[in-house]
Amino acid sequence: MHPLRSKSQLSPNVTKLIVEAPRIAAVRRPGQFVIVRLDTEAERIPLTIADSDPETGTITLVVQAVGRSTRDLVALEVGHAVRDIAGPLGRPTELLEAGNAVCVGGGVGTAVVHPIAKALAAAGVTVTSVIGGRSREWVIYERELRAAGDVVVCTDDGSYGRKGFVTEALGELCEAGGIDVVYAVGPVPMMRACAEVTRPYGVHTIVSLNSIMVDGTGMCGGCRVSVDGASEYACIDGPEFDGHKVDFDVLADRLTTYRDFERGAAGADGDSCRSLAGAPR
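According to the numbering used here, the sequence shown holds residues 624 to 904 in order.
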């Protein structure tokens with residue numbers, strides 16, 4: 624059992640949970656995730672580890688409540704416990720050792736790039752983060768990312784930061800030059816767009832794929848993705864891949880596999896109950 628130590632609201636449907644998981648906190652690395660199961664009858668939910676504290680034995684999970692399973696998870700009260708947390712899973716992030724990196728986060732994906740930016744800054748890499756949301760209330764992790772370097776905030780409606788999409792700001796940074804690698808995490812259309820922005824400049828671009836995932840160990844095959852024409856498994860080969868080699872059409876198609884079941888489980892509102900795999904989702 625993993626007691627919930629604290630809970631806070633980051634945006635209208637995104638919640639930060641700090642839970643006790645000492646063995647995971649001691650060894651996790653940026654980019655890795657866990658599989659969470661609230662109780663014995665609950666769905667397994669893949670969530671990226673947004674942060675950890677080995678001294679207190681806790682890990683931070685950022686959850687976007689988009690369906691039944693994630694709503695049940697964020698409804699947990701402090702002091703109550705999550706039944707199972709398995710991890711850390713997945714390959715750690717391929718971290719740049721020196722130079723300039725840009726971390727792009729869209730929506731809840733911003734929490735996923737946070738540990739990457741934090742680790743890069745600790746290694747002496749110059750980090751610029753580009754983060755976005757629909758409006759000011761949807762922008763998360765700005766303060767934490769500013770501790771790692773410069774931050775460019777974008778909002779769709781211009782209510783905070785600059786008006787426009789993160790891809791526009793990324794394009795300007797690419798045009799200025801000097802970028803060694805881009806890490807992009809967010810909705811599939813956003814990651815695809817980021818990869819297309821960086822492609823003409825030849826900037827290595829790493830994306831974190833939110834495939835459907837069940838066991839997280841490569842046995843179920845649900846997280847299969849196509850990368851450079853070959854089948855890979857997001858849970859053991861990823862979740863991070865070269866964005867210029869990912870077949871985003873295949874990824875987008877597979878994400879709709881259980882859409883009808885998700886709508887039924889979520890109820891009449893039609894929300895999806897699938898959470899973000901490889902990212903706090």
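Even glycine gets a Cβ: it sits at the ideal position worked out from N, Cα and C.
All values reported here derive from a predicted model rather than from experimental measurement.
For glutamine 655, no pairing in a beta bridge is given by DSSP. The beta carbon of valine 808 sits closer than 6 Å to the beta carbons of Gly728, Gly732, Val735, Val736, Ser831 and Ala902 from its chain, once the five residues preceding and following it are set aside; these are given in chain order. The beta carbon of tyrosine 764 sits closer than 6 Å to those of Thr733, Ala734 and His737, all from its chain and outside the five residues before and after it, given in chain order. Between isoleucine 739 and valine 642, the C-beta gap is not smaller than 8 Å, which leaves the two residues out of contact. In the structure shown, cysteine 858 adopts coil according to DSSP, grouped into three states. Three or more beta-carbon pairs separated by less than 8 Å link the segment 814-822 to the segment 789-805, which places the two stretches in contact. Between leucine 640 and alanine 704, the C-beta gap is not smaller than 8 Å, which leaves the two residues out of contact.
Secondary structure note for glutamate 798: its alpha helix (DSSP H) is the uninterrupted segment 789-799. Around the beta carbon of glycine 844, fewer than 16 other beta carbons sit within 10 angstroms, so the residue counts as exposed. Bridge pairing for lysine 741: absent [DSSP]. The DSSP-derived three-state label of glycine 710 is strand. Counting C-beta pairs with one atom in each stretch, the segment 662-674 and the segment 684-698 have three or more that are closer than 8 Å, which means they touch. For arginine 691, the secondary structure class from DSSP, reduced to helix, strand or coil, is helix. Rounded to whole angstroms, the Cβ separation of arginine 706 and isoleucine 672 is 18 Å, and the two are not in contact under 8 Å. DSSP, read as helix, strand or coil, puts threonine 828 in strand. Counting every other CB atom within 10 Å of its CB across the protein chains shown gives arginine 815 a total of 16 or more, marking it as buried. Under the three-state reduction of DSSP, isoleucine 763 is assigned to coil, being neither helix nor strand. DSSP, read as helix, strand or coil, puts aspartate 865 in strand. Within a 10 Å sphere around the beta-carbon of valine 701 sit fewer than 16 other beta-carbons, which makes this residue exposed.
As a beta-bridge residue in DSSP terms, aspartate 676 pairs with Thr681. One thing to note: glycine 861 has its Cβ no nearer than 8 Å to the Cβ of threonine 828.
Our two residues, asparagine 723 and threonine 749, have alpha carbons roughly 5 Å apart in a direct line. By the neighbour-count definition (other C-beta atoms within 10 Å, threshold 16), serine 834 is a buried residue. In terms of CA proximity to alanine 746, Ala721 leads the group Ala721, Leu633, Val637 and Ser752.
In this structure, the straight-line span from the alpha carbon of valine 697 to that of valine 686 is close to 7 Å. Cβ contact annotation for arginine 660 (same chain, cutoff 6 Å, sequence separation greater than five): Arg667, Arg706 and Asp707, in chain order. DSSP lists no beta-bridge partner residue for aspartate 851. For leucine 874, the enclosing alpha helix (DSSP H) starts and ends at 871-877. Residue range 811-821 is occupied by the alpha helix (DSSP H) that includes threonine 821, with no beta strand (DSSP E) assigned at that position. In this model, leucine 718 and alanine 744 are separated by some 10 Å (Cα to Cα).
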